[in-house]
Structures are given as C-alpha cells and as structure tokens.
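**Student:** As you go down the protein sequences, you meet chains A and B in turn. Here the first sequence stands for residues 612 to 787, numbered as in the numbering used here. Here the second sequence stands for residues 48 to 621, numbered as in the numbering used here. Don't be surprised by glycine CBs; every beta carbon is placed ideally from N, CA and C. Values in this document were obtained by computation on a predicted structure and should not be read as measured data.
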Amino acid sequence: MGLGNEKGLILISAIVEHKPGVLHRISNMFRRRDFNIESISVGVTEFKDLARMTITVKGDANTANQVVKQMAKLIDVVQVNVLDWANSVQRELALIKLKAETHEKRSEIMDYTSVFRGRIIDVSRDSLIVEVTGDSDKIDAFINLTISFGIIEVARTGITALSRGVISPIENEGKA
Amino acid sequence: MSVLNKSSGGKALLEALKKEGASIIFGIPGGAILPIYDELYDFEIRHVLCQHEQSAAHMADGFARASGKPGVCFATSGPGATNLVTGIANAYMDSSPIIAVTGQVPKPMIGKDAFQEVDIIGITTPITKYNFQPRSASEIPETVKKAFFIATTGRKGPVLIDIPKDVQTEECELNFPDKIIVRGYNPYKKPCEKQINAAVELLASAEKPMILAGGGAAYPEASSYLLKISELLLAPVATSLMGKGAFPEDHPLSLGLLGMHGTLTANKLISEADVLLSVGTRFSDRTTGKVNEFCKEAKIIHIDIDEAEISKNKRVDLAIVADASEALKVIYEGLLNRLNKKGETPWFKRIKEFKEVWEGWIFEEESNKELKPIPILKILRKTLPVDAILVTEVGQNQMWSALYFKVFTPRTFITSGGLGTMGFGLPASIGAKAAKPDVPVVDVAGDGSFMMTENAISVSVAEKFPVIVVIINNRVLGMVAQWQRLFYERRYSAVKLDRVDFVKLAEAYGANGVKVQDLNEFSKALQNSLKLDVTSVIDVPISPEENVLPMVPPGSSLEKIMGVEKWDWVMKKG
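1) Where does valine 377 of chain B fall in DSSP's three states?
2) Is isoleucine 621 of chain A close to chain B, meaning its C-beta is less than 7 Å from at least one C-beta of that chain?
3) Ordered along the chain, which non-local residues of its own chain (more than five positions away) have a Cβ less than 6 Å from that of valine 563 of chain B?
4) Suppose you measure from the CA of proline 597 of chain B to the CA of methionine 257 of chain B; what does that come to, to the nearest Å?
5) Is it buried or exposed, tyrosine 235 of chain B, if we count other Cβ atoms within 10 angstroms and call 16 or more buried?
6) Counting along the chain, where does the beta strand (DSSP E) carrying methionine 598 of chain B start and finish?
7) For the beta strand (DSSP E) containing isoleucine 626 of chain A, name the first residue and the last one.
8) Compare the beta carbon distance of glycine 306 of chain B and proline 457 of chain B with 7 Å and say whether it is the shorter of the two.
9) Return the Cβ separation of lysine 337 of chain B and valine 322 of chain B in integer angstroms, given the expectation that the two are a contact with Cβ distance under 8 Å.
10) Measure from the alpha carbon of phenylalanine 753 of chain A to the alpha carbon of each residue in A/Thr713, A/Val691, A/Leu709, then state which is nearest.
11) The alpha helix (DSSP H) spanning isoleucine 589 of chain B covers which residue range?
12) Going by C-alpha to C-alpha distance, which of B/Gly478, B/Gln215, B/Ile461, B/Ala128 sits closest to aspartate 85 of chain B?
13) Roughly how many angstroms lie between the CA atoms of valine 363 of chain B and valine 765 of chain A, to the nearest whole one?
14) In the structure shown, what three-state DSSP assignment does phenylalanine 196 of chain B receive?
15) If the cut-off is 8 Å on Cβ atoms, which residues from the region 340-353 of chain B count as contacting chain A, listed in chain order?
16) Enumerate in chain order the residues of its own chain whose CB-to-CB distance from tyrosine 7 of chain B is below 6 Å, with the five nearest sequence positions on each side excluded.
17) Kindly list, in the order they appear in chain A, the residues whose Cβ is closer than 7 Å to that of lysine 359 of chain B.
18) Measuring straight from C-alpha to C-alpha, what distance separates glutamate 373 of chain B and phenylalanine 196 of chain B?
19) Which of the three DSSP states is assigned to isoleucine 754 of chain A in this structure?
20) So within the region 511-582 of chain B, which uninterrupted beta strand (DSSP E) runs reach at least 3 residues, ignoring any that extend past its ends?
21) Could you give the distance in angstroms between the alpha-carbon of glutamate 406 of chain B and the alpha-carbon of lysine 630 of chain A?
22) Considering only residues of the same chain and omitting the five flanking positions on each side of arginine 538 of chain B, which have a CB-CB separation below 8 Å?
23) With isoleucine 75 of chain B and alanine 122 of chain B assumed to form a contact (beta carbons below 8 Å), what rounded beta-carbon distance in angstroms separates them?
24) Any beta-carbon of chain B closer than 7 Å to the one on lysine 708 of chain A?
25) Tell me whether glutamine 574 of chain B is buried or exposed, calling it buried when 16 or more other Cβ atoms sit within 10 Å of its Cβ.
26) Measuring CB to CB, does isoleucine 732 of chain A end up less than 7 Å from glutamate 719 of chain A?
27) Cutting at 6 Å between CB atoms, please list the residues of its own chain near phenylalanine 512 of chain B, excluding the five before and the five after it.
28) Could you pull out every residue in the same chain whose Cβ sits closer than 7 Å to the Cβ of methionine 721 of chain A, ignoring the five residues on either side in sequence?
29) Interface residues of chain A around arginine 329 of chain B at Cβ under 9 Å?
30) For the region 182-194 of chain B and the region 129-136 of chain B, state whether three or more C-beta atom pairs, one from each stretch, are separated by less than 8 Å.
31) Are the region 51-61 of chain B and the region 669-685 of chain A touching by the rule of at least three beta carbon pairs closer than 8 Å?
32) Taking CB distances under 7 Å as the criterion, tell me whether aspartate 671 of chain A reaches chain B.
33) Excluding five sequence neighbours on each side, which residues of the same chain lie with their C-beta closer than 8 Å to the C-beta of lysine 154 of chain B?
34) Using the beta-carbon count (16 or more within 10 Å), is tyrosine 139 of chain B buried or exposed?
Printed below as a string of structure tokens:
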C-alpha cells in the first residue's frame, strides 16, 4: 500500500455515487473515525452518475489502510484506492488576488506569473487575480514569492489526481 | 417484476415489507406517519403498539437476534425518530439487522424547521449501515428491497427509511422489482485460498492453539464448524460478550467469557497461547484489555466479513475476509486433510486443571440460602430449558449473566454488547418472545437499567408477550458503584436508587409481581412464573456491596485480574 509523500500526506482517489448527501456521508465518516482531511476535491467524471473525490489525509500506512477500508465500506463508494504519489499526477488550482497599486508592481507580478506558467485573469486599478495550476508545492512557492506584494484573498481547490496509465477499471453503461 | 394497480406510498411500503417477510412491526404512530398507519388499519400484518420508540427499536433488535430475521420498527418524524436513535445505534454496534421506518414532514416543508421536523437522515448516518429518503411513492418498493438486502447481508446492521408524508399519500403505479443492484456494495466475499492454507498451516503446527469467538461467530453454521475445529485441535474457546452462544459452555474446551469481566481461565490462558484463531470480533477494549499486551506471544489469525475490522484495533498476522461459516468450513476441511485428531496434549491438560479449579470455586455448592448473584444465575440455568432465551439489561446484572450463566447455542443469549444500552433488556426480551413464543424468555435485570424502559411491561402484558423479568436488585447503579468502590475510594456519587416498589409496579401494569427473600423462594417464584401466561417481575434483593469479580481494571492487561488472589498458585504455574 502506497505511503504518504514527504509531508506525510496520503493521496486517496474514490469513485462515488453522484447524488445528494454522498459528500456528507463520506466527510462524516472521516470525522467520526477521527481522520483529518487536509484537502478534498469533488467533481463529475466520464460517467454521468459517478463523481470522483480526491482526498488527502495526514497519517501513516495504518491510517491509509483504515481510511480506504472504511471508505470502501460506505455503500455510496463504488471504488477507492490510495494513489502512489510517483505513479500518479496531481494538480491544484489556485486563484490569488494580489495588491498591485503601481505599474512596476503589476509588471513584476506578471513576470513571476509567466515564470510559473500562470495567468492573469482579472485586473483592477489596485489589484490582480492570478490563476496558477500545478502541484501544491508550486502553488506554495508562488504564494511565498508574491506574499510581499500583499495578498488580498486566496482560493485553492485542493489536490485532484489521477493514476498514470490505463487502469481505470470502472465499467458503467451510463458513460457520458 | 410484478405490477400492482395504483396505490399509495404507504400501502406500497406495507406490501413491500410483507414481500420481504416482515410479520410484525413495533411502533408508535404520529402525525407524519399517519398515512402509513391508516393503510395498516386493514392490512394483515401484526403491529405492536409501544410506549416509547427506544423500546420499539430494541424490540425489533431482540426479534432479529432471536429469530435471525430482520426486525421492523415504525416511528413518526421529529421526536419519534430521535427516540429511535439509541435503539438504532445499539443495533449498529452489535451488527443486528433492523429496518426502521420514520415518517417525515411533507417534501415542501423539508428544511423549513416545520413542526416535528428533524434531519433523521443526517442524525443516523453514522449509526446505520445505510439510510434512504424516497422522494416519490414509486421509489418505495425498490427502496425496501434494498434496505432488507443491505441490512441482512455481509456485516448485518440497521437501515433507516425516512418517508415524507406526501410520499406516503402519493398515488402511483407500483412495480416490485425482482432484482436490485447496489453498485458500491458487494457483501459476498469468498475466503482467499492462500490465506486459508496459511491459517491451516499455522493452526496445525500450533502447540497451544486457542480460539476467540466474537459476535460474528455466534451464528448456527459458524458455531458448528467452530466446535469441529476446536475438538480437532484441542483448542480451547473463549468468547467475547457478543460471542456468547458461539460455543457450548458446558464443553470441556469452553473457557467462557474473555475480557474485563472474563473468567480466570480465559484471561489467564490467552496470554499463554501460541496461535489465536479469532472469528468475527473487533477486539473491543472490553475484550482485550490493554491492546498492546493482548495475546502477545501468539500469532493471530482474524476472520471477519468486514474488511475494515482487520487490524483496526489489533494488528493481526493473518487476515481472512469472509463470512465466518464459509471460512471456518474450509479451514476445517484443510485441517482434516492435514492432521489426525490429537491425543491429550500438555496444553489440554493445563486447560483441564485450570478449569477444575475455577469451576470448583464458582460453582461450589452454596451452603446458605442467601441471595447472591452466582447462585441466582445457577438456579436460573438449572431451571430454564436449554433453548430458553436469556436477555440481559446492562451493568452488573449483565456481567454476572455473561460470567455465570452457561449458554449452549447461538441466539439464546441476547445482550447489548457494543453500546451498553441500559434499558435494552426488557424491550429486547419482548422482541425475542415475539420471535420465539414457545420458549421461555427471561430478562435478567438490574434495578437501574430496568427502570429506564420499565413501561415496556405494559406492552408485554397488553400484547401478550409473557416474559419473565428477574431484577437483581441492589438499589444502586451497581456497576458505577462498583467502580466507585474499587477506583474512586468509595465516593458514591449519585448512585443510590431504592425508589420503587417493583411488586406494585408490576401489578399496576397487570403483570405478576413477587419479591423473594432467599434462594428457595427465588427458585419457587421462577418455576411458578414459567407456568404463568402473564408477564412476571421477580424482585430479588441483594447486597449493594456485591462486586462482579473477577475484574480486569480498565486499561490494564488481561493478566492483572482482581478478585482471584486466592488462586495465585494456579496463576503462577504454567
């Protein structure tokens, strides 16, 4: 069973029923079993009635083991795995609103953004919103770099991930 | 698929319940479930009117445990639903299949804090195996079928169906599906051959094999293979509280209860075993004592239908995820091919010697007639037929019963193991009596626990489920008082009861009430109650100072047994 990354985070990927109340059942199980969710992202999949959840949890191999088994036990969870960090791809999206009162500051931020392959997606007289996508470390690095400009707001999606290669075993007639 | 004519959601529910084999419903009507009760008025299914919904859920639970079929209970929305919660949680902790049906406010009012609205789906999510809220009448038949499927397969458990009032009255064409698919649920797990072979190898080569049977082993088929394996290996069997009944306790290889209030033999010998076969147990702290020190010397094999139980509380060496009866069957067959029946081993001799000492002490003839827990339970065992069902309340009465009342077959000992619900015994015994009207059902009660749901006597009397309640009455909250005596320097904070005349109470409900003064009177009262066809309450006063012994203090290893000092010499041998 795959272990956590260097931060001790375990990466879990689950296919769940896409219907009301499912997120509650899953997050409630984490609370009830005393597992701490570091991040959770949910969205629709290639199947119209299934959603994918990517969850990161702090813990060791025992935690990983228990989280997966307890999740698998939930009736609405169709499939659940621990993803190996090296054998999967992970991405997070962040929107970062920065202070930028002067032309110099704006152009400096634009330079950094282009180095990080981000995008400026909104500009006002005194601020900018930058979109950065990548692994969480990259987003952390960008935030650390731009913190001196003054961060007004940050919104992060949490990690979403897929394993590498052709291993999706889900069979479903309702494929979109 | 059979199609019925147009019908209401309420009628659909009752038809679907009937199709699933439900023959009796325990419940209380109220505003939000009235349309269902209106349909029930001319429906051929028995309804038992309860006094409190907690009892209704416990009755369904007791029915399920005694019969092996799911129990059904009904409650209205809001307070009716929340009153069920304790009973549902109790069934969940002990993996008992019940179907709880609650009324809900009409759909347009959901989320508006309407009168008697409560989010029972949210409330019961962590204490049900699953819960449903059908949003149209046409969903009801399929929902009921799924509910029964989920409740009764794999690790069994409670399922709740919450039905909005407008869904109950809605008219629609009803289809009863023959098959249902629950995509994320596969309860049929075949034991893995490789692991079975490894388990056979471990067990066959063990010098001091031992078996721990939990609630998952206390089913008739699993229990029969357990007996065969035990006899083949000369492996003694200890049980958890929930496992009581999995192995005949009059058998030479039975060690009885393990754990905090386990027998001297079970608690002492488990630390000497070299291979432990544990079946259907979650290694509760009450069973293992200090878990790191539990069975340290042994390789542990764990059979469980619930994969999440593997290494949840105790790291095990070999895990088999499967139904206990299936796994035990193939292990037994493997063992048969691998070895011959053992002659008397040194391990078996040690067990025999240990048991003689322990049973000699526990079951020695009482010289006086004084009312004490052990002789009371001894009289009960002697008086009741083998197939009688003993139900317990929670507390000292429960531990005395578990320690000293020998049980021989599954489904004849019913107790609240996981949740430890005071007030469970009386309603559960009514449920058990409903399931098995031809065998005597006795609720061994403590006065404190009994008083939590004593009004269920009215149900027992009115609905003619004549159970026998034996109140081992110490006029205190006995187990709390015991802990205060042993661990809190006799600071008896809030434990004294002595508030009720139980004879008058029984008579007020129309039951037979009798108070006894000594063992002879108790024996006579019990025999007399067995002849009556009305509920009996026998008040058996004992000293408030009685302890349940032996006891392992909470958080200690199982070897630190209190109350067995005079057996130090046996303890040291070995």
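**Tutor:** Short version:
1) In the second sequence, the residue the question calls residue 377 of chain B occupies position 330. Of the three classes helix, strand and coil, the one that applies to valine 377 of chain B here is helix, per DSSP.
2) Counted from its first residue, the first sequence places residue 621 of chain A at position 10. It does not; no Cβ of chain B falls within 7 Å.
3) The residue given as residue 563 of chain B occupies position 516 in the second sequence. Phe569, Ala572, Val587.
4) Taking the first residue of the second sequence as position 1, residue 597 of chain B is located at position 550. Taking the first residue of the second sequence as position 1, residue 257 of chain B is located at position 210. Approximately 21 Å between the Cα atoms of the pair.
5) Translated into the one-based positions of the second sequence, residue 235 of chain B becomes position 188. Flag for tyrosine 235 of chain B reads exposed.
6) As a position in the second sequence, residue 598 of chain B is number 551, starting the count at 1. First-last for methionine 598 of chain B: undefined, no H or E at that position.
7) Counting from 1 along the first sequence, the entry for residue 626 of chain A is found at position 15. 620-628 is the span of the beta strand (DSSP E), which, as asked, contains isoleucine 626 of chain A.
8) By one-based count along the second sequence, residue 306 of chain B stands at place 259. By one-based count along the second sequence, residue 457 of chain B stands at place 410. Against a cut-off of 7 Å, the Cβ pair of proline 457 of chain B and glycine 306 of chain B comes out as no contact.
9) Taking the second sequence and counting its residues from 1, the one referred to as residue 337 of chain B is at position 290. Taking the second sequence and counting its residues from 1, the one referred to as residue 322 of chain B is at position 275. Between valine 322 of chain B and lysine 337 of chain B the Cβ distance is about 21 Å, and since that is not below 8 Å, they are no contact.
10) In the first sequence, counting from the first residue as 1, residue 753 of chain A sits at position 142. Answer by Cα proximity: A/Leu709.
11) Numbered from 1 along the second sequence, position 542 holds the residue referred to as residue 589 of chain B. Run containing isoleucine 589 of chain B: none; DSSP gives neither H nor E here.
12) Mapped onto the second sequence, residue 85 of chain B falls at position 38. Cα-wise, what sits closest to aspartate 85 of chain B is B/Gln215.
13) Your numbering for residue 363 of chain B matches position 316 in the second sequence. Your numbering for residue 765 of chain A matches position 154 in the first sequence. Between valine 363 of chain B and valine 765 of chain A, the C-alpha separation is close to 45 Å.
14) Working through the second sequence from its first residue, we reach residue 196 of chain B at position 149. Helix.
15) Asp353
16) This structure cannot speak to residue 7 of chain B, because chain B is shown only from 48 to 621.
17) Numbered from 1 along the second sequence, position 312 holds the residue referred to as residue 359 of chain B. What lysine 359 of chain B touches in chain A: Gln677.
18) Locating residue 373 of chain B in the second sequence gives position 326, where the first residue counts as 1. Locating residue 196 of chain B in the second sequence gives position 149, where the first residue counts as 1. One C-alpha to the other measures close to 19 Å.
19) Translated into positions along the first sequence, residue 754 of chain A becomes position 143. Isoleucine 754 of chain A: helix per DSSP, three-state reduction.
20) 515-520, 559-562
21) Taking the first residue of the second sequence as 1, we reach residue 406 of chain B at position 359. Taking the first residue of the first sequence as 1, we reach residue 630 of chain A at position 19. Taking the straight line joining both Cα atoms gives about 58 Å.
22) As a working mapping, residue 538 of chain B is identified with position 491 in the second sequence. Same-chain partners within the cutoff: Gln531.
23) Stepping through the second sequence from its first residue, residue 75 of chain B is reached at position 28. Stepping through the second sequence from its first residue, residue 122 of chain B is reached at position 75. Isoleucine 75 of chain B to alanine 122 of chain B, Cβ: 6 Å. Contact.
24) Here residue 708 of chain A refers to the residue found at position 97 of the first sequence. False, the Cβ-Cβ gap to chain B never drops below 7 Å.
25) Within the second sequence, the letter at position 527 stands for residue 574 of chain B. Classification for glutamine 574 of chain B: exposed.
26) Position 121 of the first sequence, counted from the start, is the residue given in the question as residue 732 of chain A. Position 108 of the first sequence, counted from the start, is the residue given in the question as residue 719 of chain A. No, these two residues do not count as a Cβ contact at 7 Å.
27) Working through the second sequence from its first residue, we reach residue 512 of chain B at position 465. Within the same chain, phenylalanine 512 of chain B has close Cβ partners Ile477, Lys480, Ala481.
28) Numbered from its first residue, the first sequence carries residue 721 of chain A at position 110. Contacts found: Ile731.
29) On the second sequence, residue 329 of chain B is found 282 positions in, with the first residue counted as 1. Per Cβ cutoff of 9 Å: no residues; arginine 329 of chain B is ~13 Å from chain A at best.
30) no
31) no
32) The sequence position of residue 671 of chain A within the first sequence is 60, counting from 1. So no, aspartate 671 of chain A is outside the interface.
33) Locating residue 154 of chain B in the second sequence gives position 107, where the first residue counts as 1. Same-chain partners within the cutoff: Arg182, Pro211, Asp213, Val214.
34) The sequence position of residue 139 of chain B within the second sequence is 92, counting from 1. It counts as buried.
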